[in-house]
Amino acid sequence: MKNLKKFAFLALLLCLFIPAISISQTNPPPPAMPTQQNKIIVDRIIEAAHYKTYVVDYCLTKINEASAKEGWNEQKAMEITESINYKNFRDAIYNVFAFYDEVELETLLKAYEKDTAYQTTNIMTTNKVLLNNLNIFANDIVKGKYISK
Numbered sequence: 002m003k004n005l006k007k008f009a010f011l012a013l014l015l016c017l018f019i020p021a022i023s024i025s026q027t028n029p030p031p032p033a034m035p036t037q038q039n040k041i042i043v044d045r046i047i048e049a050a051h052y053k054t055y056v057v058d059y060c061l062t063k064i065n066e067a068s069a070k071e072g073w074n075e076q077k078a079m080e081i082t083e084s085i086n087y088k089n090f091r092d093a094i095y096n097v098f099a100f101y102d103e104v105e106l107e108t109l110l111k112a113y114e115k116d117t118a119y120q121t122t123n124i125m126t127t128n129k130v131l132l133n134n135l136n137i138f139a140n141d142i143v144k145g146k147y148i149s150k
């Protein structure tokens with residue numbers, strides 16, 4: 002009987018401490034973002050590199066592939082196409098440039114504006130993290146996750 006009371010007491014203590022430990026966990030930090038001034042420069046880089054067009058064209062290609070593969074009707078394809086909104090992907094681009102300082106961003110901007118070859122093969126089309134995020138974004142569009150109801 003004594004052992005049963007000890008086990009019951011230990012079980013009670015265990016039940017009290019497990020929730021205390023799990024509550025102590027914190028949320029992950031928000032993704033890194035550039036300063037407000039650097040966002041303006043990044044927006045100008047996106048314009049110079051025609052990256053907004055690249056994102057939309059990439060999504061359209063994914064939509065066309067899925068439409069042909071799954072035999073969508075015209076209405077569904079149009080509804081999915083209209084759900085493409087570059088603003089839903091913009092934070093992923095900002096995150097890529099979060100660790101650049103203002104001088105580095107200005108240097109990049111000048112390179113994009115000066116050299117047209119640099120516009121087609123640039124950091125945004127060769128960055129594996131950004132390409133992976135773009136692929137996820139395009140697949141989510143194809144699945145209809147951005148369709149407003």
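If you're matching positions, the sequence shown starts at 2 in our numbering and goes up one per residue.
We put the beta carbon where it would ideally sit given N, CA and C, even for glycine.
Fair warning: this is a prediction, and the values are worked out from it, not measured in the lab.
Consult DSSP for residue i and reduce its assignment to one of helix, strand or coil.
i           : result
residue 117 : helix
residue 1   : The chain is shown only over 2 to 150; residue 1 falls outside these bounds and no answer can be derived.
residue 27  : coil
residue 36  : coil
residue 136 : helix
When the Cα atoms are used, what is the spatial distance from residue i to residue j?
i           : j           : result
residue 101 : residue 37  : 13 Å
residue 73  : residue 103 : 46 Å
residue 49  : residue 91  : 15 Å
residue 65  : residue 52  : 20 Å
residue 87  : residue 60  : 10 Å
residue 46  : residue 13  : 60 Å
residue 43  : residue 106 : 7 Å
residue 141 : residue 118 : 31 Å
residue 54  : residue 33  : 24 Å
residue 82  : residue 93  : 20 Å
residue 95  : residue 131 : 10 Å
residue 79  : residue 137 : 20 Å
residue 144 : residue 28  : 28 Å
residue 40  : residue 116 : 22 Å
residue 77  : residue 68  : 9 Å
residue 148 : residue 84  : 5 Å
residue 35  : residue 10  : 53 Å
residue 70  : residue 108 : 43 Å
Below 7 Å CB to CB, which residues in the same chain sit around residue i once its five sequence neighbours on both sides are set aside?
i           : result
residue 56  : 87, 90 and 135
residue 139 : 59, 60 and 63
residue 110 : 42, 45, 46 and 49
Leaving out five residues before and five after residue i in sequence, what residues of the same chain have Cβ atoms less than 8 Å from its Cβ?
i           : result
residue 114 : 49
residue 128 : 97
Between residue i and the ligand FAD, is the CB less than 6 Å from at least one heavy atom?
i          : result
residue 92 : Absence of the ligand FAD is noted for the structure shown, with no ligands found whatsoever.
In chain order, what residues of the same chain lie with their CB nearer than 6 Å to the CB of residue i, ignoring the 5 residues before and after it?
i          : result
residue 75 : none
Subject >> Ranges of the beta strand (DSSP E) found wholly within the region 57-110, counting only runs of at least 3 >> reply: Within the region 57-110, no run of beta strand (DSSP E) at least 3 residues long lies entirely inside it.
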